[in-house]
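Enquirer: Pasting a structure below so you can have a look.
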């Protein structure tokens, strides 16, 4: 195939996946802009990471607010990040075999990390007896 | 006209142009950096399930001064990606923004330094 300019192919009209992907990136970006920067500021500027330990997390997760906050941040962050990686793969990996392999791996990684992250936030119960 | 068959290093700079090219290259590198950290961060948080002993042992590694430097690099990636993301979103949704895209890039850099310098300062002084 002759390509005059390298880059992503135009999204096909048969599927709106790329349109939704584009819209999701913008919408999640606006939310992550405040939520991720706030999370970083709380952990690294207003507290120092040296204070973060098991008790610190237990105190945070005692309030449902932070559990919900972290779940939303996890979901948006993983999906935004992995969709970004998908676009990078789209740009650089053109051979069919490698694409199938790398894209499959990406979907598996996305799913596994969403599951691990969600189960940590939902199932965490602080140990009282040490 | 250039014809590309197979892999070429020129694809790293896939969008031709000046400031926009560099803005995009940095957006990509910082985005991949943050995504990589996010996966790492999900793994370290998952260690909470093994109890206080395991979790505290692990986060003590994060508390080493060397990792503070990594955290400052993470701050740089996060803040650049956010600042340039605002520029990208403006260009997508406001039709006049593409006329000012070069000025918007300088705006991105100014916003980056305004947010990053104090952040890096506070992250460094708490080490001492």
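Residue numbers (the working numbering), protein chains in the order written: chain P, -1 to 128; chain Y, 126 to 253. Built from N, CA and C at the ideal position, the CB exists for glycine as well.
So the alpha helix (DSSP H) residue 196 of chain Y belongs to, where does it begin and stop?
Expert: Here the alpha helix (DSSP H) through residue 196 of chain Y covers 190 to 218.
Enquirer: Below 7 Å on C-beta distance, what does residue 46 of chain P contact in chain Y?
Expert: The answer, in chain order, is 251.
Enquirer: Over the uninterrupted alpha helix (DSSP H) stretch that includes residue 177 of chain Y, give me the two end residues.
Expert: Counting along the chain, the alpha helix (DSSP H) containing residue 177 of chain Y begins and ends at 177 to 187.
Enquirer: Assess contact between the segment 55 to 66 of chain P and the segment 100 to 113 of chain P, defined as three or more Cβ pairs (one per stretch) separated by less than 8 Å. Is contact present?
Expert: With a cut-off of 8 Å, the segment 100 to 113 of chain P and the segment 55 to 66 of chain P do not count as touching, because too few Cβ pairs lie within range.
Enquirer: Report the residue ranges of all alpha helix (DSSP H) runs contained in full by the segment 44 to 120 of chain P; include only those spanning at least 4 residues, in chain order.
Expert: Within the segment 44 to 120 of chain P, the complete alpha helix (DSSP H) runs of at least 4 residues are 52 to 59, 62 to 90.
Enquirer: Run down chain P in chain order and give the residues with a C-beta less than 9 Å from the C-beta of residue 180 of chain Y.
Expert: Per Cβ cutoff of 9 Å: 51, 52, 55.
Enquirer: For residue 214 of chain Y, which residues in chain P fall below 8 Å Cβ to Cβ?
Expert: The contacting residues are 24, 27, 28.
Enquirer: Grab me the residues of residue 95 of chain P's own chain with a C-beta within less than 8 Å of its C-beta, minus the 5 sequence neighbours each way, in chain order.
Expert: Hits under 8 Å: none found.
Enquirer: Could you check whether the Cβ of residue 193 of chain Y sits closer than 9 Å to any Cβ belonging to chain P?
Expert: Yes, because at least one Cβ of chain P sits closer than 9 Å to the Cβ of residue 193 of chain Y.
Enquirer: Is there a Cβ of chain P sitting closer than 9 Å to that of residue 220 of chain Y, yes or no?
Expert: Closer than 9 Å: no.
Enquirer: With 16 as the cutoff for other CB atoms within 10 Å, does residue 182 of chain Y come out buried or exposed?
Expert: It counts as exposed.
Enquirer: Using the Cα positions of residue 128 of chain P and residue 49 of chain P, report the straight-line distance between them to the nearest angstrom.
Expert: The predicted position of residue 128 of chain P is uncertain, since its pLDDT is 49 and thus under 50; no value can be drawn from it.
Enquirer: Any idea what DSSP makes of residue 223 of chain Y, helix, strand or coil?
Expert: Here residue 223 of chain Y sits in helix by DSSP.
Enquirer: Does residue 207 of chain Y come within less than 9 Å of chain P when only Cβ atoms are used?
Expert: At least one chain P Cβ lies under 9 Å of residue 207 of chain Y.
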